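Report on one structure; see the data block that follows.
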Amino acid sequence: MSTPQETPAGKHRASQDAPPAGNGRGGVPLVRLVHAGKRYGAVIALQDINLEVGSGEVTCVLGDNGAGKSTLIKIIAGLHQPSSGTYEVEGTPVHFSSPREALERGIATVYQDLAVVPLMPVWRNFFLGNEIRKGPGIDIPAMKKMCKEELMAMGIDLRDVDQPIGTLSGGERQCVAISRAVHFGAKVLILDEPTAALGVKQSGVVLKYIIQARERGLGVVFITHNPHHAYPVGDRFLLLNRGASIGYYEKNQVTRDELTGLMAGGAELEQLSHELESAGGAAAEIGRSLEEDVEELGIAHEPTTTTESDAR
Amino acid sequence: MTQTAEAPVAPPPRSDERLGRKSPMARLLARPEAGAIAGAIVIYIFFFIVAPPFRNASSFASVLYVTSTYGLMATPVALLMIGGEFDLSAGVSVTSSALCASLFAYEFTTNAWVGVLVALGLSLLIGFINGWIVVKTGIPSFLVTLGTFFMLQGINIALTQTITNQVSSPDISTLDGFNSAQKVFSATWTVGGVNIRTSIFYWIVFVIIATWILLRTRVGNWIFAAGGNPVSARAVGVPVARVKIGLFMAVGFMAWFVGMHTLFLFNTIQSAQGIGNEFVYIIAAVVGGCLLTGGYGSAVGAAIGALIFGMVNQGIVYAGWNPNWFQFFVGALLLGAILLNTYIRRRAEASI
Amino acid sequence: MLRSRKRAASLALFLVLSLVLAACSAHGGKKAAQAGNNVVAGHANTKHFTVAMITHASAGDTFWDKIRNGATAAASKDNVTLKYSNNDDPTKQAALITAAVNSKVDGIAVTDPNPGALCPTIKQAVAAGIPVVMFNAGSGNWQQCGGMAYFGQDETIAGIAAGQRMAKAGDKHVLCVIQTQGQIQLEQRCAGVKQGFGSAGTVTKVYVNGTDNSAVLSSLTAKLTQDKSIDAVITLGATYALIALQAEGTTHSTAKVYTFDTNAESIAKIKSGAIQWAVDQQPFLQGYLSVDSLWLYLVNGNIIGGGKTTLDRPVVHRLHQRRQDRAVRSGG
Chain A
1 MSTPQETPAG KHRASQDAPP AGNGRGGVPL VRLVHAGKRY GAVIALQDIN
51 LEVGSGEVTC VLGDNGAGKS TLIKIIAGLH QPSSGTYEVE GTPVHFSSPR
101 EALERGIATV YQDLAVVPLM PVWRNFFLGN EIRKGPGIDI PAMKKMCKEE
151 LMAMGIDLRD VDQPIGTLSG GERQCVAISR AVHFGAKVLI LDEPTAALGV
201 KQSGVVLKYI IQARERGLGV VFITHNPHHA YPVGDRFLLL NRGASIGYYE
251 KNQVTRDELT GLMAGGAELE QLSHELESAG GAAAEIGRSL EEDVEELGIA
301 HEPTTTTESD AR
Chain B
1 MTQTAEAPVA PPPRSDERLG RKSPMARLLA RPEAGAIAGA IVIYIFFFIV
51 APPFRNASSF ASVLYVTSTY GLMATPVALL MIGGEFDLSA GVSVTSSALC
101 ASLFAYEFTT NAWVGVLVAL GLSLLIGFIN GWIVVKTGIP SFLVTLGTFF
151 MLQGINIALT QTITNQVSSP DISTLDGFNS AQKVFSATWT VGGVNIRTSI
201 FYWIVFVIIA TWILLRTRVG NWIFAAGGNP VSARAVGVPV ARVKIGLFMA
251 VGFMAWFVGM HTLFLFNTIQ SAQGIGNEFV YIIAAVVGGC LLTGGYGSAV
301 GAAIGALIFG MVNQGIVYAG WNPNWFQFFV GALLLGAILL NTYIRRRAEA
351 SI
Chain C
1 MLRSRKRAAS LALFLVLSLV LAACSAHGGK KAAQAGNNVV AGHANTKHFT
51 VAMITHASAG DTFWDKIRNG ATAAASKDNV TLKYSNNDDP TKQAALITAA
101 VNSKVDGIAV TDPNPGALCP TIKQAVAAGI PVVMFNAGSG NWQQCGGMAY
151 FGQDETIAGI AAGQRMAKAG DKHVLCVIQT QGQIQLEQRC AGVKQGFGSA
201 GTVTKVYVNG TDNSAVLSSL TAKLTQDKSI DAVITLGATY ALIALQAEGT
251 THSTAKVYTF DTNAESIAKI KSGAIQWAVD QQPFLQGYLS VDSLWLYLVN
301 GNIIGGGKTT LDRPVVHRLH QRRQDRAVRS GG
């Protein structure tokens, strides 16, 4: 389907080394992966990934299905440990053996399936794992009130916090999950494809919350396969393909079109250019100029699969 | 698209036009116990009409006694079901506990209470083993406890026979401590001329405790989550494995309690006792609104389910019918209860 | 430091010891029961034989313990290896008989609660050259099945005798409690009771789940509540008589309690008058004679009974039956 992957060293405008610590709005990055990789037996799920996010920043992780995004999330969330490289939280290397440990360090993950229990009421879901205690039991009126207030502060006006969360729309559930993470003191928010199943307007609402979270000083790792959603909110962009990084850019280093193009069809164009060149004659001319364009755009070594659809 | 940083503005308070007025009736119908309550009322009226002896107080005390023998075990079994697991060994482990206490105290000629303590240890251990295997291997609890069920069934009979050359436990009524144990576990109080067994009060107390745990504590929240979506629960930090093991051990604890009640009531235990009861407990829980898939249900509902059982069990005899109809009733009850619960829940949601 | 640790250790030891001592019971238990009680009569030096005993005992039915004890006693005396197996399902019991035949035992002792299902298999055993004695159930047609001897009571005769006694005592409505469905000897007993009771009144049968004490209790409680005209209860096993007494306590019933078969506890109740009397069929003797008769046949060609049922004569226990008490307490 695509050209064999060479190590993409030096082929891109962006540096493949980890950007110097302390980039962004200052201070030690909240989360930093340095040359991180993950193997499952003979299968290399991730290799040589560099990523960081600091306080008040959004790092977007882009890539199609199968690119290794979910493995990356699991490593940051504490579900798995990296087989190689280091994972640093606020400058110190960590080894999380459970999601609970990551949570305690302030790394909260909002999964695609939202980590909610559909049959339980909204307020019970909101406080799951963080129930407000009162004596031997829990303080239910306080929790219901706080849940309603928190959601209101995020602009969600719920009908009734007692209703099972499964009855909410997809967008509302996303917002509950995000506000839950924000409320419980997350320092880093990892959002796993939050807009994947949403319509245009609801996606806009989610993006708004991402920005609000950023303004509150959180770091956000925003995973998506939609560059149109990623570009407006992101400060950094990591592109994944088949477990490897094919680009890691600051916002000022790439335009939206370039980003889209990178995810679009660079490898196909390169293959086409080689074929045209080997045909000789006028075709070779076209091939050569095509190859130059591809080089200029820096979009070589890209697979050709659909990238821009919301469909899964 | 940039956004100016500003504090989010809370929208002005207004009554939500989407929120219709929810009548008290609709709120009641939305509870998991609704179907069970309706069924219990229907069955009570039915037997009241059809069986004259059903009507007086001492017959109802007998109904409540039968209810309590099922209801005591149905309570932790319901909690376990809400937590997403089954325990098919619940019936025979009651007998295992009773046999353990009896045989230990008899063989070593100890105080009866020593046997009681040893049996407690055994029952908690059985619960722990069930839970641990389920949690560690991921094999469905239905299968794991089916295995324990058969093993305990065999152990009960074979071990009793090996130790005492009999298939029932020996007479321990002459051991020290028997009388005091009897007073604790299987006493009878006479209230207004009616004999009421204390197991009824124990049952009510345990149901209250279980309901409080479920609805008003952290652990209760975790139980609902562990049953409703264990993956999500684990992801937000709920210790799902510990919750499930704890629930299995709660079933073990109650098996001990009911075993002690049976032992000190009858003095000898038949080693083949208890087989078949595990399904009654599950049916009582389902009648009470517990979903087979977990994550939803109530302890009060299971108590009402047990009450329905008790009423049918005794009512059939009071009505003078062939007691074999009880089996048929149990099956019809299960189906009817599930249909009724589903119907009521749908109507309750539709009326919102 | 060391002294206080030593002191703590000796205190702990003292506590443990006193707990252990307190834990021992001064009364009852195995120690008390072991005060002499086995029927042992030495050991024959005849050739070694294997006898299979196959009964219809349901798992956990305590009555069969006595039969088994008798069989074991005879086996140990006769240098016989006893292989005991049981199943209350006739098809499964037949399969056990076939298994015994296939393992080429020297003799078979079998009960026959369901002649239709078991007779063909018993005939096969006889045809294979294995001597078969029958006991406890199947008194009606054991000869046709090919049995060599039969040890047991004629259930109907015992039932009639019981019914007549109750009629004489002035009872009007008898409740006959059957602990298992589908067993011919239990049905024969109640049928006999009805026959013997005759025109003195009515006899009602009630079936209970014999392996579950709680279920028996609740069934009897309900029945006694539902029908206040019951003034006599006869059970077919001693355990059930005791539960019947408990049920009467709850319902304040004044019905008299009678029973077939005894155990140590029920003897005590007979002495105190709570149970009127018990018809005992000497199960120990049945088990004993079954094995012993096979041994006699194999060693010496003797057949007991001359083709007729060897009745173990129903023994009726009433107050002050000391010799029978001892027999019962020793498992006989």
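Chains as they are written, first to last, in our numbering: chain A, 1 to 312; chain B, 1 to 352; chain C, 1 to 332. Every residue, glycine too, gets a C-beta built ideally from N, C-alpha and C. Note that the coordinates shown come from a computational prediction; the quantities given were computed from them, not determined experimentally.
Pick from the options that is closest to residue i, judged by C-alpha positions
i         : options                                       : result
Tyr84(C)  : Val206(C), Tyr150(C), Arg165(C) and Ile97(C)  : Ile97(C)
Gln334(C) : Asp78(C), Thr121(C) and Asn213(C)             : Summary: the structure shown does not reach residue 334(C), with chain C confined to residues 1 through 332, and so no result is reported for it.
Arg256(A) : Arg236(A), His228(A), Leu276(A) and Asn241(A) : His228(A)
Val257(C) : Lys269(C), Ala264(C) and Asp212(C)            : Lys269(C)
Ser199(B) : Ala210(B), Ala187(B), Val191(B) and Val207(B) : Ala187(B)
Thr92(A)  : Tyr231(A), Pro29(A), Val254(A) and Val182(A)  : Pro29(A)
Asn130(A) : Phe86(B), Arg218(B) and Arg55(B)              : Arg218(B)
Ile75(A)  : Gly37(A), Ser55(A) and Glu104(A)              : Gly37(A)
Gly306(C) : Val110(C), Tyr150(C), Ala12(C) and Val206(C)  : Tyr150(C)
Val177(C) : Trp295(C), Met148(C), Ala169(C) and Leu224(C) : Leu224(C)
Tyr65(B)  : Ser214(C), Gln281(C) and Gln181(C)            : Ser214(C)
Asn189(C) : Gln164(C), Leu220(C) and Gly201(C)            : The sequence shown places Arg at residue 189(C), rather than the Asn named in the question. For Arg189(C), the nearest C-alpha among the options comes from Gln164(C).
Leu340(B) : Ala241(B), Ser168(B), Ala57(B) and Gly305(B)  : Gly305(B)
Leu158(A) : Val176(A), Met143(A), Val116(A) and Ala142(A) : Val176(A)
Asp113(A) : Arg216(A), His183(A) and Ile178(A)            : Ile178(A)
Leu152(B) : Val116(B), Val94(B) and Tyr106(B)             : Val94(B)
Test item: CB-CB of residue i and residue j under 7 Å
i         : j         : result
Ala303(B) : Gly71(B)  : yes
Val144(B) : Ile157(B) : no
Arg236(A) : Glu258(A) : no
Pro164(A) : Leu128(A) : no
Asn87(C)  : Gln93(C)  : yes
Ala285(B) : Val77(B)  : yes
Val221(A) : Ile190(A) : yes
Ala222(C) : Val233(C) : no
Met254(B) : Met81(B)  : no
Gly320(B) : Ala36(B)  : no
Ile49(B)  : Tyr106(B) : no
As assigned by DSSP and simplified to three states, the class of residue i
i         : result
Tyr249(A) : strand
Asn241(A) : strand
Trp321(B) : coil
Arg242(B) : helix
Ile132(A) : coil
His274(A) : helix
Arg346(B) : helix
Phe86(B)  : coil
Tyr296(B) : coil
Leu168(A) : coil
Phe142(B) : helix
Phe201(B) : helix
Gly152(C) : strand
Gly24(A)  : Note that Gly24(A) has pLDDT 45, beneath the 50 cutoff, so the model's placement of it is unreliable and no number is given.
Ile156(A) : coil
Beta-bridge partners of residue i, as assigned by DSSP
i         : result
Cys176(C) : Lys205(C) and Ile234(C)
Gln95(B)  : Strictly speaking, residue 95(B) in this sequence is Thr, with Gln absent from that position. Answer by DSSP bridge pairing: none, since Thr95(B) is not bridged.
Asn86(C)  : Thr55(C)
Ile108(C) : Ala52(C) and Val132(C)
Lys38(A)  : Leu46(A)
Arg236(A) : Thr59(A) and Glu250(A)
Leu13(C)  : Answer is none; Leu13(C) lacks a bridge partner.
Gln270(B) : Ser168(B)
Arg32(A)  : Glu52(A) and Glu88(A)
Any non-hydrogen atom of the ligand MN within 6 Å of residue i CB
i         : result
Arg214(A) : The ligand MN is absent from the structure shown, which contains no ligand whatsoever.
Contiguous alpha helix (DSSP H) assignments of at least 4 residues, all confined to the region 42-122 of chain A: 69-77 and 99-104
What runs of the beta strand (DSSP E), each 3 residues or longer, lie entirely inside the region 149-191 of chain B? 188-191
Beta strand (DSSP E) runs contained entirely in the region 234-314 of chain C, provided each spans 3 or more residues: 256-260, 275-280 and 309-311
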